Amino acid sequence: YAVKNKVFRESTLQKKLREFKQNMSVSFCIYSFLIFGIFKIQCLPSDQDLILAAKIFSDLLHLNTNKVTNYEELDKDFNAIFNNLDIRSRDLKNLTDDFKTRVENFFFQKEKIIRKLTNTTSYLEENYKYDPNINYPNVPNVRDINSSPNESIIAFDPSYPAKIEINLTKSFVQVPTNIYANSVDILNAVKRTENLDVVFKENRAEDSSLILQYYGDSTGLFRMFPGNLNGFKKDDPNYIDLYDCRRRVWYQISSASPKDIVIILDVSGSMIGNNIAIAKIAAKTLIDTLEENDYFNMMTVSKTAKFILNDESKNEIKKLMQATKFNKERMKLAINNIDEPKDILDISKAISSAFDSLKDNTTYTAGCNKVIMIISDGIEGDYSSTAGNVFDKMNADKSVRVFSYLVGRVKNPDDRALKEMSCNNRGYFYKIETIGNVWDVVVEYLKVLSRPLAANSVKIKPKISPIYLDSSGAGMVLTMSMGVFNKNNLSGVVGVDMLINSLKKKVSFKELGYLSHAIIINNNGFIILHPKFRDQTGYLSASANVYFEDLEYSVDKNDSIALKIKMLNRNSGNMSFSSYWLYDDNNRIALHNFTYFFYPINNTILSLALAISDYEINYMAVNQQKVTVDIIQNGLNALNEIVDFSCSHHYFTYVQIAALMFCNICNETSYPTASQVYSCLSSKSLDRVKKECNHDLFNNLITTAGIAHKRILESLNKCSDKKNDENFFRSLYVGTNGGYTRFFSINQTIPPEPDSLRTSIFERAQAVPCSKLVVSAPFNTTLNNGPLYITVEASSWIQHGKSKTLVAVTGTEMHSGFIKQMFDNATENLNCKNNDSVVCAIVDQHGYIVVSNLGDKAIGSFFGKDHGALMDHLSSPNISIFRKITLDDTQAECPVPQIYDSASNFLLNPIQLMLSLSTWLIGSCWSLLLHITVLGTSFFRKYSANAETTIDPINVSCTKEMNFFLFKDHLLNNSPCSENTNKSVVYKGSVECEPSIFQNYILTSVPETNLVFIIAEPNHFKCNQKPLETSSTKNKDLDSFQDQRFRVRPNECFNPTQPYETNSEYCGAGILKKPSFFNIFFLLTFYIYLKM
């Protein structure tokens, strides 16, 4: 084998002897099996043969990788400039202080803008005269905006931070689909707020980082600037605009102080049919109005009362739950499974249980408003005869508000008790007659809860929302909002969006590195900013509530929890501990040491931290005096998108630089691209460039770019001399710590995203710093029928004392067939090729197969999937060749089948319907006369065979267990690499799957790589009855809930009763007239007279 210009040759005698030994060894195994009939036979290669095969594969891999990437010359070049470098230590405290100052200024500026918007909107409201005969034809409604090029009312603007079509001259309005856009109330709201455009433009002139400014009116009108379509798809005839500003979290958090809510759903016999359908939707809609600072629970009531969620022991969950996305989804799923209505109603039991849940406690409560919501089609009797004594006893101080919803269209409904419950307990009575007006009615309760805010509007502070996906297409945002009040009522809410990317840019990668990262959490300990937080999919669903410790995976979980508690308690300081870092879409894991510097963000509910990796405490700076004119010129040439080289094959290339202001002489308003820097600086004198650019940033970029570009071009220019090389690889790329990335794809049409490429190559290199080559197989290859390519990357490090700094990573995508050829050559003496009697596989440090004798379909699959018993043995505590690491993925989604089997299914069977209604009527009459419980409709068999409908499953939040297997030689990857790091160690043994059934194995690491060479006997079927999986669903019970962890309540609470709330017109009941005894006596007398 020709490896690195060394030739390994065997004499004829040596070759014959080797073949004889090999044949005798195999023959002995076969004969032993035939004679003795046993399974425990050592038929595997010797230690020396395995080590030699691993060494040959390593040498071949290095040889061919270097031929493609030229990484050895690149490595020499970077180490040659060591004398031109200064290795500096980051001033971590100053770095954190600067980040804190930038973020605080960012929020301070937004608060100024939001207060200005609030004052202006209040002024316009107070000075506007309502016009009942308004005719306002020129409403800039998003549904009427013509986006064709001829009128170009909206267009892309390069100065706007988000890539959406906008209009910077005026605002647009949007009205929910279920609201008539030309109604008198809407047209008055449009005219009243049109002068907000003046303030919108002034604010944008002061702060160019503004994304959207808007006002959401209590009528449902939404006015936004810059004008945009707000996600409306005009060209899609099937598109339904479901956006309603009153349903958005920024509106809800500014409409009322945090609240504890218990929902009581009437499921007595009278609710059968359409009523229960309306009630269920109303309950779900109420849940949608809750945000993460709220707490809630729900119960059903008929003859008895019960809470609808159970714990793992199937006991009712009676305590309040935090209104996280997870808990709200679980509650709505439980509503789907509520039993059919039956029996009579005893509302007092449910109200008593609701008060018990609302009792003051220090843990499961919002600590502010307390509310009971009753949904029913009517309650016989009045306040005193139903639950008056319960209210008098448990709500004498009126601290709990009661809201009641009468559902369905019923002539002369039994609504008196519902009205009195609301009016006597600071609440409101509402009617929901049809499904179509559920949302408009349900949301009205926020106006009542906003009354205390209206009375204290001077004291109110702006609210900061959780992170969510912007409806207009700007991306993940954070909103600062504030309520607008007029005459003791909520008029609407003003808001300002802040791009999460804007917060990220308050500290650059150059200041941090690639693993070091910024973190922001809110008062609940939920993530606001973190590099591993996943973007939301679809703006209508809420974003996941992810705890700090569920993304910052400390090895000892108590470490991350302790850090979170310090942050939530508004402390400052630093902590150091080891954490797991997930990369490659959470398929791989690395262990790193981080130091966390943390501070509160003043005047907000947020706290921040900077996590600094031990590898990135030091950074490289090129000495200014050593930067020559040639270095600058070579570096500038590397930034040119156009590259001339001799390869005749089709290729695509891009060059990317980090988002930094390298020079101030290019007049760029935002971070420049590589092409912009090249075009600008190429026309400037080099002396001026050297003098006026940021020395550290510019010198690092130009120096590393020039070196990397030179070597990568040399490799590409060789491809015309090697006609078959293009079949062996399809891409070539390099990234440097100066911020330079160059990517070439040959005969490839879809390159990776630049940002993801840059991040991933440095994550992989720093995960295994003692490996010269890092090999990664693609995942899910069984679904791919095309050619497979395997990523091979080489990293260049500069050693300084006991520390080392990553300077560059270069890589390529090699054809799996080419790697298989290297594997076959290396294992020729091991008899792996086309041999079913042995399993030969090379896996990466996580156990994913890179190459094997199992066929292409095995590439990228987890070795434990088909060899579960063996992998379980290797990761067992007493063996620990692989360490098994289990973490929770709390951002996962799981499909849930939807089976609708509502009470309206009775309508599909007339006989069942009549029987049910008759039974209810008899029960009600009997209860009215004798006040006893009667037999309801429960003895009727539920008819639903034809009514039960299964539709496509929906995704709900869930927690999945992620299982990682990390080879022991790569566990301590954050320790200095010693001379023995790549020393070959052989591990071997046998797995006893069942008594007298064994599977033998032998394995070793592949030198200077992240690979492991495994040879094992083929699986006995009993050795693979339990394949190991790398992911599994943890929350299998849909009734489970997400228990809360340490949090700090918002420090604002406005909930006192206002004097005017005792008036009947403020509780929705009108005038509660009591029947006249004289009138009743007169009517009875008159009736008797007629009958005589």
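Note that the sequence shown covers residues 1 to 1092 in UniProt numbering.
Glycine included, each C-beta is placed from N, C-alpha and C at the ideal position.
For clarity, every value in this text was computed on a predicted model and none was experimentally measured.
field: Distance between D197 and N138 (C-alpha atoms, nearest Å)
entry: To locate residue 138, count along the sequence shown from 1; it is residue 138. To locate residue 197, count along the sequence shown from 1; it is residue 197. A straight-line Cα-Cα distance of about 15 angstroms links N138 and D197.
- prompt: Secondary structure at R248, three-state DSSP: helix, strand or coil?
  reply: Here residue 248 corresponds to residue number 248 of the sequence shown, with the count starting at 1. R248 falls in the coil class under three-state DSSP.
Contacts around N699, its chain only, beta-carbon distance under 7 angstroms, and the 5 residues preceding and following it disregarded: As a working note, residue 699 is residue 699 in the sequence shown. The residues are V622, Q624, V627.
- prompt: According to DSSP, what are the bridge partners of Y595?
  reply: Taking the sequence shown and counting its residues from 1, the one referred to as residue 595 is at position 595. Position check: residue 595 holds Thr in this sequence, whereas Tyr was assumed. Beta-bridge pairing links T595 to S576, I612.
query: Relative to the C-alpha of R401, which residue among G483, L358, L701 is closest?
result: Within the sequence shown, residue 401 is the residue found at index 401, counting from 1. For the residues G483, L358, L701, the minimum Cα distance to R401 belongs to L358.
- prompt: Within 10 angstroms of its Cβ, does P787 collect 16 or more other Cβ (buried), or is it exposed?
  reply: As a first step, residue 787 is located in the sequence shown; it is residue number 787 there, counting from the start. Exposed: under 16 other Cβ atoms inside 10 Å.
query: If we ignore side chains and look at the alpha-carbon of each, how far apart do F548 and F998 end up?
result: Position 548 of the sequence shown, counted from the start, is the residue given in the question as residue 548. Position 998 of the sequence shown, counted from the start, is the residue given in the question as residue 998. Between F548 and F998, the C-alpha separation is close to 45 angstroms.
- prompt: Roughly how many angstroms lie between the CA atoms of N664 and C693, to the nearest whole one?
  reply: For this step, residue 664 is matched to residue 664 along the sequence shown. For this step, residue 693 is matched to residue 693 along the sequence shown. Roughly 6 angstroms between the two C-alpha positions.
- request: Closer than 7 angstroms by C-beta to S745: which residues in its own chain qualify, once you throw out the five before and the five after it? Chain order, please.
  value: Your numbering for residue 745 matches position 745 in the sequence shown. So the qualifying residues of the chain are Y651, F652, R730, S731, P751.
query: When burial is assigned at 16 or more other CB atoms within 10 Å of the CB, is V458 buried or exposed?
result: Start at 1 with the first residue of the sequence shown, and residue 458 comes out as number 458. That one is exposed.
task: Please check the pair L446 and L95, which I expect to be a contact at CB under 8 angstroms, by giving their CB distance rounded to whole angstroms.
output: What you label residue 446 is simply residue 446 of the sequence shown in a count that begins at 1. What you label residue 95 is simply residue 95 of the sequence shown in a count that begins at 1. Not a contact, Cβ separation roughly 43 angstroms.
Segment contact, 8 angstroms Cβ cut-off, at least three pairs: the region 568–576 with the region 586–597: yes
query: From the DSSP output, which residues share a beta bridge with L495?
result: Here residue 495 refers to the residue found at position 495 when the sequence shown is read from its first residue. According to the sequence provided, residue 495 is Gly. The question's Leu does not apply to it. Answer is Y214, S481.
query: DSSP state of P895, grouped into three classes?
result: Residue 895 sits at position 895 when you count from the first residue of the sequence shown. DSSP places P895 in strand when its eight states are reduced to three.
- request: For F156, count neighbouring C-beta atoms within 10 Å of its own C-beta (all shown protein chains included) and say buried if the count is 16 or more, exposed if not.
  value: Position 156 of the sequence shown, counting from 1, holds the residue named residue 156. With fewer than 16 other Cβ atoms within 10 Å, it is exposed.
- prompt: From V1012 to V843, what distance separates their C-alpha atoms?
  reply: Translated into positions along the sequence shown, residue 1012 becomes position 1012. Translated into positions along the sequence shown, residue 843 becomes position 843. Taking the straight line from one Cα to the other gives about 5 angstroms.
query: Candidates A474, L806, A54, L309: which alpha carbon is nearest I211's?
result: Position 211 of the sequence shown, counting from 1, holds the residue named residue 211. Nearest of A474, L806, A54, L309 to I211, Cα basis: A474.
- prompt: Taking V68 as the reference, which of M814, L453, Q676 has the closest Cα?
  reply: Here residue 68 is taken as the residue at index 68 of the sequence shown, counted from 1. Minimum Cα distance to V68 is reached at M814.
query: How about the region 804–814 and the region 733–740: do they share at least three Cβ pairs that are nearer than 8 angstroms?
result: yes
- request: Specify, as a first and last residue, the run of the beta strand (DSSP E) that R88 falls within.
  value: The residue given as residue 88 occupies position 88 in the sequence shown. Looking at the DSSP string, the run of the beta strand (DSSP E) that includes R88 is 85–89.
- request: Could you check what DSSP says for N150 in three-state terms: helix, strand or coil?
  value: Indexing the sequence shown from 1 puts residue 150 at position 150. Unreliable positioning characterises N150 in this predicted model, as indicated by a pLDDT of 43, which lies under 50. The coordinate reading is nonetheless provided below. Residue state, collapsed to three classes: coil.
task: To the nearest angstrom, report how far apart P861 and M620 are at their CA atoms.
output: Here residue 861 refers to the residue found at position 861 when the sequence shown is read from its first residue. Here residue 620 refers to the residue found at position 620 when the sequence shown is read from its first residue. Going by the sequence as given, residue 861 is Ser instead of Pro. Cα to Cα, the separation comes out at about 38 angstroms.
message: To the nearest angstrom, how far is the alpha carbon of N853 from that of D969?
response: Here residue 853 is taken as the residue at index 853 of the sequence shown, counted from 1. Here residue 969 is taken as the residue at index 969 of the sequence shown, counted from 1. Rounded to the nearest angstrom, the two C-alpha atoms are 24 angstroms apart.
query: Below 7 angstroms between beta carbons: does that hold for I1015 and L44?
result: Residue 1015 sits at position 1015 when you count from the first residue of the sequence shown. Residue 44 sits at position 44 when you count from the first residue of the sequence shown. Yes.
- request: Could you tell me whether the Cβ atoms of I528 and I467 are closer together than 7 angstroms?
  value: Position 528 of the sequence shown, counted from the start, is the residue given in the question as residue 528. Position 467 of the sequence shown, counted from the start, is the residue given in the question as residue 467. Yes, they are a contact pair.
task: Going by DSSP, name the residue or residues bridged to T810.
output: What you label residue 810 is simply residue 810 of the sequence shown in a count that begins at 1. For T810, which the question treats as bridged, DSSP gives the partners V734, A794.
query: At what residues does the beta strand (DSSP E) containing A816 begin and finish?
result: As a working mapping, residue 816 is identified with position 816 in the sequence shown. Contrary to the premise, residue 816 reads as Ser rather than Ala in this sequence. First-last for S816: 816–826, but that is the alpha helix (DSSP H), not the beta strand (DSSP E).
field: Simplified DSSP assignment, three categories, for Y430
entry: Translated into positions along the sequence shown, residue 430 becomes position 430. Strand, per DSSP.
Per-residue burial, G436 [other beta carbons within 10 Å of its own, 16 or more giving buried]: Here residue 436 corresponds to residue number 436 of the sequence shown, with the count starting at 1. The residue in question, G436, is exposed, as its Cβ has fewer than 16 Cβ neighbours within 10 Å.
task: Measure the alpha-carbon distance for L568 versus V1048 and round it to whole angstroms.
output: Locating residue 568 in the sequence shown gives position 568, counting from the first residue. Locating residue 1048 in the sequence shown gives position 1048, counting from the first residue. Their backbone Cα atoms lie some 7 angstroms apart in a straight line.
message: Could you tell me which whole alpha helix (DSSP H) segments of length 4 or greater appear in the region 370–455?
response: 383–386, 388–394, 416–423, 438–442, 445–449, 451–455
Residue(s) in a DSSP beta bridge with P600: Stepping through the sequence shown from its first residue, residue 600 is reached at position 600. DSSP output for P600 lists S607 as bridge partner(s).
query: Can you tell me whether DSSP reads A474 as helix, strand or coil?
result: The sequence position of residue 474 within the sequence shown is 474, counting from 1. Looking at A474 - three-state DSSP - the assignment turns out to be coil, as it is neither helix nor strand.
field: beta strand (DSSP E) segment containing G868, residue limits
entry: Your numbering for residue 868 matches position 868 in the sequence shown. No beta strand (DSSP E) holds G868; the alpha helix (DSSP H) holding it covers 868–874.
- prompt: Using 8 angstroms as the threshold, is the region 165–183 in touch with the region 205–222, meaning 3 or more CB pairs across them?
  reply: Taking 8 angstroms as the limit for Cβ pairs, the verdict is that the region 205–222 does touch the region 165–183.
query: Going by beta carbon distance, what residues of the same chain come within less than 8 angstroms of H180, once the five residues before and after it are set aside?
result: For the purposes of this step, residue 180 is identified with residue 180 of the sequence shown, where counting begins at 1. Looking at the sequence provided, one finds Tyr at residue 180 rather than His. Answer for Y180: I186, listed in chain order.
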